[in-house]
Each structure stands twice: as C-alpha cells, then as structure tokens.
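>
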Amino acid sequence: MYYNGVYHLFYQYNPKGSVWGNIVWAHSVSKDLINWIHLEPAIYPSKKFDKYGAWSGSATILPNNKPVILYTGVVDSHDSQVQNYAIPANLSDPFLRKWIKPNNNPLIVPDNSINKTKFRDPTTAWMGQDGLWRIVIGSMRKHSGMALLYRSRDFIKWAKAQHPLHSSPHTGNWECPDFFPVSLKNTNGLDSSYRGKNVKHVLKNSLDVNRFDYYTIGMYDTKKDRYIPDNNSIDGSKGLRLDYGNFYASKSFYDPMKNRRIVWGWTNESDVLPDDEIKKGWAGIQAIPRKVWLNPSGKQLIQWPIEELETLRKQKIQLNNKKLSKGEMFEVKGISASQADIEVSFSFSSLNKAEQFDPKWADLYAQDVCAIKGSTIQGGLGPFGLATLASKNLEEYTPVFFRVFKAQKNYKVLMCSDARRSTMRQNEAMYKPSFAGYVDVDLVDMKKLSLRSLIDNSVVESFGAGGKTCITSRVYPTLAIHNNAHLFVFNNGSETITIETLNAWSMDVPKMH
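Per UniProt numbering, the sequence shown runs over residues 1 to 513.
Okay, structure coming up:
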C-alpha cells in the first residue's frame, strides 16, 4: 500500500528459517519501491483467532485516511480459517511500525456452506454507490473456484452476499483474488472504489491446482453485485496469465502518488530440496513491481517494470541496425551480464518463412510447444532472441526468444523463456521448464517484435511486445555466475533478423537497511 508518502510491503515470511512454516507478516517500507528498509513483523500469530497462522490478505485506506489490514487467521491444527483485521498503533509514526489486532476479531467466520480450509486471502475493499464496503475472499466448493463476496457498512460487521462475485467450475481453489477497475481511455490506474465511466474490471485468481496467476477482463454489474467476464475472456488454465513463468500470489494496489496501478508477484525457488534453501539462508523473492493497465484492444492487460527501476541503470551499451543471418550469434559486451536490463527491437522483412503451426498443437499449452520447438531447433522466422546467463561456451544458458508460426487464419507468435539448459547441475527433481506464452500482435503491418529482459543472478524476468506477454524464470547456473556470465543475441531461423536497436545496462544493487 501507499500511505502518506511511504510504500509498504507486507509479505509472508518465516523468521526462523528459509523453509515454509512459522509464517508472519513481515514489513518493509520504501520511498521509491526500489530501496527498502526492513522493519519488525507487523502481524504474527499470537491470539486464538490466528494462533496457527497469520496468512495473506490486503490493506485498505479508509476515507478518514486510516489504513486497515484484513488477513486470514488459522484457528486450529486442521487449517480452519477466519478473517481478521489489524490497525496501526500510532498513525503519527511515518513507518507504521506497530500494528494492533483488536479483541473483536475475527470479523468473518465461515458459515456451513463454506469449506473452512479453503477460505482465505481477503482483497482490498471497495465501496459501492450504496455506501457499503465490499471484499472478496478466495474459496472453493466441490471443484469450483469462488470469489465469495462480503459487504459491510462499518468495516466491522460483515455479511456474506447470497451469491459469489464470480465462480467457475473445474478451476479448483482460488487463492489471492484481486479485483480492480481499469481505464478504457488511458494507462492511468484507478482506485478500487472508482465508479466512473469508460471502465472495465479485472478479476485475478491464483490457481492452487497449478500455481499460476490467471485473470479475466469483464463487466462489474453493480446492481446485481456480479462480475461477468467478456465472451473472449476465459476462466481457468486456458485463460490469460499475468505471467507465464514462475510468478504467483500477486497483489495489485493503486498508487495515488503517480496515478498508476502496480502489481507485484512472488517468485519461489526452483532448485531441488529444502536443503538448498537452508544452505543459501533464504528462499523466495518478489519480482520487479509492474505498472499494469488495459491494452487499447480491451482484450488483455499490459505490464511494464515501474519507471523507478531505471535509477539502478549504470554502464550502457547501444547497438543499431545489426543483421543476424541464420545460425548467427554475437555477444553483448561492456555490461555485467549477471545483473542487467536489456531492451531490444527486432524486425524482419517478410513473414513468408514462418513455419506451419501443427494443428495437433492447438490443445497444447505454449510451454509444451516450446519444449518441442526449442531455441536449438532451426526454424523459418525464428527462433531469435537473447541467450541470458550464458557460460562462455554455452554449456549453460537460458534463452528468451520468439518463433513465428503460420496458422490457418493468422500468424501465431510464441515467446519462450527456456530453463532446460540453464544449469550444469544434474538433478532430475530440479524444476527447469520451457516456460512460454503466445503474444497477441499483428505482424502483417508491423514486422517487428520487442523484448525486454531483467537479469538478476537467478532470475530472468522478460516482457514481450511492450509487456503483452511476461515470463519469469528462476535458474541456477554453476558456470555463468557473476563475472563469468555472458549475454548473447542469436538467430536460428532462415529469415534474416535485424536488430533495429539494442540498449543494455549493468544494474546497480538497491539499498537495503
């Protein structure tokens, strides 16, 4: 949340070790979302309404400029869940270090119609025209994911609506729901309670069944208190994802300081066993905060790293109009390849060499197509892109690339971030997927594709076509570390690719206190 000039990040944290358990609400503050000060935990299990766990939730700024946290408390060893609130002990403290859990908790207890072990993660509240506050809580009934709706006049007494805000069969448990308005007119963010015109709404859910964040775009019927996804917006695992890689349990908030909405996701470790985390002494990171807005088409969201990230840019190198023929690769030198920000714009003169899209792939996830058509498989138009966190002789690398296919009626653009060759460590249990998503672009008029990748030692966070498709990979090279990491640009397709512009920066380390 943003409050009185300070950004606050609350996050699930185990103060006793780098494995899951003993979860508290850790608390960090920042003036710029880049440099952070770590404070004492804001909330930790201590009372009967959260004795077995203080799980995720959200913050809301009430009209009298008073922040309040809603969070899920676990009340017994069976993971029975209730919803609690916490308030700052001292509003004059600029960092809001101490939080109080009043004794009238819990505010919301599940009724008999609710699975009490699947009842968590209350959203930021929004106010309706009737003056009632509303929140959504993630849940599941049978195999249907549900966004349960609750209303309150005073933020203390909450009543469950007769029907959920939205539900969808065969989607499993919905975690960390997020419901917010987006403008049809511009890239500005909107407060959750915004009730003006030219607006659509987004419902994002983290699907417990496969650990990805999905969203739909649609209409919020305020009279019926129902959310209706657009016809082309699909619930569940065939729908749109915020990120097609290692990115989960995201939350967004409205930033009134810069009139934007920011979404922030968690990316967990993909190495093998808890022993790895214990050895490292830490586990799990936040991805880079992203500004999020509605694409002018109205069909999907656009995400882009917040502008403040650019304050970490150091040495810069620039290239223009460099051609890459089939099989060509060149190294980007002059920057630190293990911690870098790269923006590159590719162009091509023709779509004629695009490979046919196999109809058998129609029901596959993009990730499965990338596994079949990796960066080493020669193609027509692509694969071309970046080989990140690469060792000198390419024993290790994580390619982030495009491949263009000719489908029946149009062209399909596949974007991959493929971790299969990311490390020499040999362990079958290691999670090294060929993460991928399709990019919704019209290449007929504009034969160009852009890519931005943020590289940070064990993270490659990539944004295709200006943020239409985002993929975050966690990788653990053994050779391509620190000064021994390299960055290459490659083309493995028969169509010649032009690098119109390439800008790359070494990135500094944020200040942490």
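C-beta: ideal position from N, C-alpha, C; glycine also.
(1) Looking at the secondary structure, which residues open and close the alpha helix (DSSP H) in which A354 lies?
(2) Based on Cα-Cα distance, which residue from P510, K373 and S391 lies nearest to F384?
(3) At the level of alpha carbons, what is the spacing between L309 and S168?
(4) Look at the alpha carbon of G466 and the alpha carbon of N320, and state the distance between them as a whole number of angstroms.
(5) Starting from D418, trace the beta strand (DSSP E) both ways and give me its first and last residue.
(6) Going by the beta-carbon positions, is the gap between N491 and I497 smaller than 7 Å?
(7) Less than 8 Å between the CB atoms is what I'm expecting for T472 and V459, so what's the real figure, rounded?
(8) Taking only three categories from DSSP, how would you classify residue 516?
(9) Tell me the DSSP secondary structure of H170 in three-state form.
(10) Please go through the same chain and pick out, in chain order, the residues whose beta-carbon is closer than 7 Å to the beta-carbon of K118, but skip the five residues on each side of it.
(11) Does I372 come out as helix, strand or coil in the three-state DSSP assignment?
(12) Could you say which of G145, L165 and I262 lies nearest to Y227 if we only look at CA atoms?
(13) Quick check on N105: does DSSP put it in helix, strand or coil?
(14) A159: which of M146, I262, L386 and V136 sits nearest, CA to CA?
(15) Inspect the beta-carbon positions of N189 and R261 and report whether they are closer than 7 Å.
(16) Rounded to the nearest angstrom, what separates N103 and G73 at their Cα positions?
(17) Could you name the residues of the same chain whose beta carbon sits closer than 6 Å to that of H38, not counting the 5 residues immediately before and after it, in chain order?
(18) Quick check on T388: buried or exposed, where buried means 16 or more other Cβ atoms within 10 Å of its Cβ?
(19) Assuming residue 522 and S391 make a contact with CB atoms under 8 Å, what is their CB distance in whole Å?
(20) Does Q378 come out as helix, strand or coil in the three-state DSSP assignment?
(21) In this structure, how does DSSP classify Q367 when only helix, strand and coil are distinguished?
(22) Quick check: what's the CA-CA separation for D32 versus Y7?
(23) Does I278 come out as helix, strand or coil in the three-state DSSP assignment?
(24) From W361 to A371, what distance separates their C-alpha atoms?
(25) Please confirm if the region 38 to 52 is in contact with the region 112 to 127, defined as three or more CB-CB distances below 8 Å between the two stretches.
(26) Quick one: using the 10 Å Cβ neighbour count with 16 as the cut-off for buried, is H163 buried or exposed?
(27) Taking the beta strand (DSSP E) that W505 falls in, what are its first and last residues?
(28) From what residue to what residue does the beta strand (DSSP E) around W25 run?
(29) Within the region 290 to 329, note down every full beta strand (DSSP E) run reaching 3 residues or more, in order along the chain.
(30) Taking the beta strand (DSSP E) that M408 belongs to, which residues open and close that run?
(31) With which residues is S462 paired in a DSSP beta bridge?
(32) Determine whether the beta carbon atoms of D191 and Y2 lie at a separation below 7 Å.
(33) Based on DSSP bridge pairs, tell me the residues matched to W266.
(34) Give me the Cβ distance between L70 and S58, rounded to the nearest whole Å; I'm assuming they're in contact under 8 Å.
(35) Quick one: grab the DSSP three-state call for N65.
(36) May I ask you to list the residues that DSSP assigns as paired with V344?
Quick answer:
(1) As a working mapping, residue 354 is identified with position 354 in the sequence shown. Where A354 is concerned, there is no enclosing alpha helix (DSSP H), given that its DSSP letter is neither H nor E.
(2) The residue you call residue 384 lines up with position 384 of the sequence shown. Answer by Cα proximity: K373.
(3) On the sequence shown, residue 309 is found 309 positions in, with the first residue counted as 1. On the sequence shown, residue 168 is found 168 positions in, with the first residue counted as 1. So the two alpha carbons sit approximately 37 Å from each other.
(4) In the sequence shown, counting from the first residue as 1, residue 466 sits at position 466. In the sequence shown, counting from the first residue as 1, residue 320 sits at position 320. Each residue's alpha carbon lies about 19 Å from the other.
(5) Here residue 418 refers to the residue found at position 418 of the sequence shown. Note, D418: beta strand (DSSP E), Y411 to D418.
(6) For the purposes of this step, residue 491 is taken as residue 491 along the sequence shown, with counting starting at 1. For the purposes of this step, residue 497 is taken as residue 497 along the sequence shown, with counting starting at 1. Yes.
(7) Looking up residue 472 in the sequence shown gives position 472. Looking up residue 459 in the sequence shown gives position 459. That belief holds up - the Cβ atoms of T472 and V459 are roughly 7 Å apart, short of 8 Å.
(8) No statement about residue 516 is possible, as the shown extent of the chain runs from 1 to 513 and does not include it.
(9) Reading the sequence shown from its first residue, position 170 is the one you call residue 170. Correct three-state label for H170: coil.
(10) In the sequence shown, counting from the first residue as 1, residue 118 sits at position 118. Result list for K118: S139, M140 and N173, in chain order.
(11) Numbered from 1 along the sequence shown, position 372 holds the residue referred to as residue 372. It is helical.
(12) Mapped onto the sequence shown, residue 227 falls at position 227. Looking at the Cα atoms, L165 is the closest of the given residues.
(13) As a position in the sequence shown, residue 105 is number 105, starting the count at 1. The answer is coil: DSSP assigns N105 none of H, G, I, E or B.
(14) Counted from its first residue, the sequence shown places residue 159 at position 159. Of the listed residues, the one whose Cα sits closest to A159 is V136.
(15) As a working note, residue 189 is residue 189 in the sequence shown. As a working note, residue 261 is residue 261 in the sequence shown. Per the sequence presented here, residue 189 reads as Gly, with Asn not at that position. Yes. Within cutoff.
(16) What you label residue 103 is simply residue 103 of the sequence shown in a count that begins at 1. What you label residue 73 is simply residue 73 of the sequence shown in a count that begins at 1. So the two alpha carbons sit approximately 13 Å from each other.
(17) Taking the first residue of the sequence shown as 1, we reach residue 38 at position 38. Cβ neighbours of H38 beyond the five flanking positions: S28.
(18) Looking up residue 388 in the sequence shown gives position 388. It counts as buried.
(19) Lying outside 1 to 513, the shown extent of the chain, residue 522 is not represented and no answer is given.
(20) Taking the first residue of the sequence shown as position 1, residue 378 is located at position 378. The answer is coil: DSSP assigns Q378 none of H, G, I, E or B.
(21) If you number the sequence shown from 1, residue 367 lands on position 367. Looking at Q367 - three-state DSSP - the assignment turns out to be helix.
(22) Locating residue 32 in the sequence shown gives position 32, counting from the first residue. Locating residue 7 in the sequence shown gives position 7, counting from the first residue. Straight-line Cα distance between these residues: approximately 7 Å.
(23) Position 278 of the sequence shown, counting from 1, holds the residue named residue 278. Of the three classes helix, strand and coil, the one that applies to I278 here is helix, per DSSP.
(24) Here residue 361 refers to the residue found at position 361 of the sequence shown. Here residue 371 refers to the residue found at position 371 of the sequence shown. Distance between the alpha carbons of W361 and A371: 12 Å.
(25) no
(26) Taking the first residue of the sequence shown as 1, we reach residue 163 at position 163. Exposed, because fewer than 16 other Cβ atoms sit within 10 Å of the Cβ of H163.
(27) Taking the sequence shown and counting its residues from 1, the one referred to as residue 505 is at position 505. I497 to M507 is the span of the beta strand (DSSP E), which, as asked, contains W505.
(28) By one-based count along the sequence shown, residue 25 stands at place 25. It spans V24 to S30 - the beta strand (DSSP E) in which W25 sits, taken as one unbroken run.
(29) 290 to 294, 301 to 305 and 313 to 324
(30) Sequence index remark: in the sequence shown, residue 408 carries index 408 (1-based). The question names Met, but residue 408 is Gln in the sequence shown. Taken as a continuous stretch (DSSP letters only), Q408 belongs to no beta strand (DSSP E), as it is neither H nor E.
(31) By one-based count along the sequence shown, residue 462 stands at place 462. Beta-bridge pairing links S462 to S453 and I471.
(32) Numbered from its first residue, the sequence shown carries residue 191 at position 191. Numbered from its first residue, the sequence shown carries residue 2 at position 2. Not a contact, by the Cβ cut-off of 7 Å.
(33) Here residue 266 refers to the residue found at position 266 when the sequence shown is read from its first residue. Paired residue(s): Y248 and Q286.
(34) Looking up residue 70 in the sequence shown gives position 70. Looking up residue 58 in the sequence shown gives position 58. Correct: roughly 6 Å between the Cβ atoms.
(35) One-based indexing of the sequence shown puts residue 65 at position 65. It is coil, neither helix nor strand.
(36) For the purposes of this step, residue 344 is taken as residue 344 along the sequence shown, with counting starting at 1. V344 is bridged to L451 and L502.
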